[in-house]
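Residue 55 is where the sequence shown starts when you use our numbering, and the numbers rise one by one after that.
Below is one structure, written out as C-alpha cells; the observations come after it.
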Amino acid sequence: GLILLTGPTGSGKTTAIYCALHYLLSKHGTSVAIASVEDPVEVPIPTVSQAQLNPAQDFTFASALRSLMRQDPQIIMVGEIRDPETAGIAVQAGLTGHLVISTVHSGTTAGVFARLINMGIEPFLLSSSILGVMGVRLVRKNCTSCAMPYEPEAALLRSLTAEEIENASFRKGSGCPECKDSGYSGRFSITELLEVGEPVRDAVMEKRATRHIQQIAAEQGMRTLWQNGLARALAGETTLEEVTRKVSSDQI
Numbered sequence: 055g056l057i058l059l060t061g062p063t064g065s066g067k068t069t070a071i072y073c074a075l076h077y078l079l080s081k082h083g084t085s086v087a088i089a090s091v092e093d094p095v096e097v098p099i100p101t102v103s104q105a106q107l108n109p110a111q112d113f114t115f116a117s118a119l120r121s122l123m124r125q126d127p128q129i130i131m132v133g134e135i136r137d138p139e140t141a142g143i144a145v146q147a148g149l150t151g152h153l154v155i156s157t158v159h160s161g162t163t164a165g166v167f168a169r170l171i172n173m174g175i176e177p178f179l180l181s182s183s184i185l186g187v188m189g190v191r192l193v194r195k196n197c198t199s200c201a202m203p204y205e206p207e208a209a210l211l212r213s214l215t216a217e218e219i220e221n222a223s224f225r226k227g228s229g230c231p232e233c234k235d236s237g238y239s240g241r242f243s244i245t246e247l248l249e250v251g252e253p254v255r256d257a258v259m260e261k262r263a264t265r266h267i268q269q270i271a272a273e274q275g276m277r278t279l280w281q282n283g284l285a286r287a288l289a290g291e292t293t294l295e296e297v298t299r300k301v302s303s304d305q306i
C-alpha cells in the first residue's frame, strides 16, 4: 500500500520521509530491501538503494520507478508524485504488495485524493491502495531566552473555548540577541494522520469533496494540524499567531 506525506514547499515532508526510512531500518535492519528514487538524494543511507533523477538522460521518477520494480524491493520511497505516470506506477506498486512512501503537493491532507484523481487515477484504485496520508507543517518555536507571557489577538482568541483560554500558558518571544530579535528560535513539526478506513474509503470511491473527507477523518478520531498546533501554543511553545499562519483558515 501507499503512505503519502503532504504539505506546501518547506513544510518538512523530506525530513519526515527520511525519518520514516530510518525507523523502518531500525525495525527491520537489512532483512528487507529498501530502494528510493529522489531528486536529489539529500541524505545518503548506506543500506538503501538510492537512485537520483537525471532528466537529461530521461531518467525520471516514472522511468526510475519502473526500473526499481524489476528489482522487486519490499519498500520503495519516491521523492514526489508529480505526474500521472508516476502516480499510476506508484499505485500499482502499492497494489502488488510493495510499501510505497512518497510525497504529494497538496494544500490539505484530504486534498491528496482530489489531486491524484485529477492526475487520472481512478478512485477505486486510490481507495484500495492508500493506507494513510500525513499532513506536515513546520512551526517556529518561541525563543527560550526571551519568551514571556502575552495575550494573543482578540480575533484569534474567539476561535478558542473558555476552558482553553483559562488553562493556557500563552508565551511570545520579545526579541533578543539569541534569536536575532525575531522572538523565535528553532522549529518543530505539527502533523495530522488521515487513516484510510472504510468510511474514508467509501467517500473517496464516491468522489466526495475534500472538506467532507476531512470531516469524516476527524469524526473517526484524526487529530488535526490545528489541534496539534493549538496544543503547542497553549503550552507556550509557540504563538497562536504562528500556528494560525501555518494552518489554513478552513482547517481551524
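Idealized CB from N, CA, C, for every residue including glycine.
Quick caveat, the model's predicted, so the values are computed rather than measured.
Quick check on the DSSP output: the beta strand (DSSP E) that includes residue i runs from which residue to which?
{"i": "A105", "result": "103 to 106"}
{"i": "M131", "result": "129 to 132"}
{"i": "A154", "result": "The sequence shown places Val at residue 154, not Ala. Here the beta strand (DSSP E) through V154 covers 153 to 158."}
{"i": "R225", "result": "225 to 227"}
{"i": "R241", "result": "238 to 249"}
{"i": "I135", "result": "Premise fails: I135 is in no beta strand (DSSP E) and is neither H nor E."}
{"i": "T63", "result": "Note, T63: premise wrong, no beta strand (DSSP E); not H, not E."}
If you reduce the DSSP assignment to three classes, tell me which class residue i lands in.
{"i": "E218", "result": "helix"}
{"i": "R120", "result": "helix"}
{"i": "S90", "result": "strand"}
{"i": "P100", "result": "coil"}
{"i": "S199", "result": "coil"}
{"i": "F115", "result": "helix"}
{"i": "M276", "result": "coil"}
{"i": "N194", "result": "The residue you asked about is not Asn; residue 194 is Arg in the sequence shown. R194 falls in the strand class under three-state DSSP."}
{"i": "G186", "result": "strand"}
Starting from residue i, trace the alpha helix (DSSP H) both ways and give me its first and last residue.
{"i": "I270", "result": "264 to 273"}
{"i": "E139", "result": "138 to 149"}
{"i": "T298", "result": "294 to 300"}
{"i": "I71", "result": "67 to 82"}
{"i": "G165", "result": "165 to 172"}
{"i": "S182", "result": "177 to 183"}
{"i": "D235", "result": "Segment: none, D235 is in no alpha helix (DSSP H) and carries neither H nor E."}
{"i": "D256", "result": "252 to 259"}
{"i": "A208", "result": "208 to 211"}
Alpha carbon to alpha carbon, how far is residue j from residue i? Give it in angstroms, no decimals.
{"i": "L170", "j": "K226", "result": "40 Å"}
{"i": "E262", "j": "G161", "result": "At residue 262 the sequence reads Arg, which differs from the Glu that was named. Going by the C-alpha atoms only, they are around 17 Å apart."}
{"i": "K195", "j": "A201", "result": "10 Å"}
{"i": "T163", "j": "S156", "result": "13 Å"}
{"i": "R136", "j": "S302", "result": "22 Å"}
{"i": "V97", "j": "E220", "result": "44 Å"}
{"i": "F166", "j": "F113", "result": "The identity of residue 166 in the sequence shown is Val, whereas the question assumes Phe. Going from the Cα of V166 to the Cα of F113 covers about 25 Å."}
{"i": "T278", "j": "V297", "result": "12 Å"}
{"i": "G186", "j": "G275", "result": "13 Å"}
{"i": "Q269", "j": "T60", "result": "18 Å"}
{"i": "C197", "j": "H76", "result": "29 Å"}
{"i": "T293", "j": "K300", "result": "11 Å"}
{"i": "N108", "j": "G133", "result": "13 Å"}
{"i": "C73", "j": "L79", "result": "10 Å"}
{"i": "V250", "j": "M259", "result": "12 Å"}
{"i": "G290", "j": "P206", "result": "11 Å"}
{"i": "A216", "j": "F224", "result": "14 Å"}
{"i": "S85", "j": "H152", "result": "15 Å"}
{"i": "M173", "j": "I71", "result": "22 Å"}
{"i": "H159", "j": "R124", "result": "27 Å"}
{"i": "Q305", "j": "L248", "result": "14 Å"}
Does the contact criterion of 3 or more C-beta pairs under 8 Å hold for the stretch 240 to 247 versus the stretch 206 to 213?
no
Check whether the stretch 179 to 197 touches the stretch 60 to 69, taking contact to mean three or more Cβ pairs, one atom from each stretch, closer than 8 Å.
yes
Quick check: the stretch 172 to 186 against the stretch 278 to 290, are there 3 or more CB pairs under 8 Å?
no
Should the stretch 111 to 129 be regarded as contacting the stretch 82 to 101, the criterion being three or more beta carbon pairs within less than 8 Å?
yes
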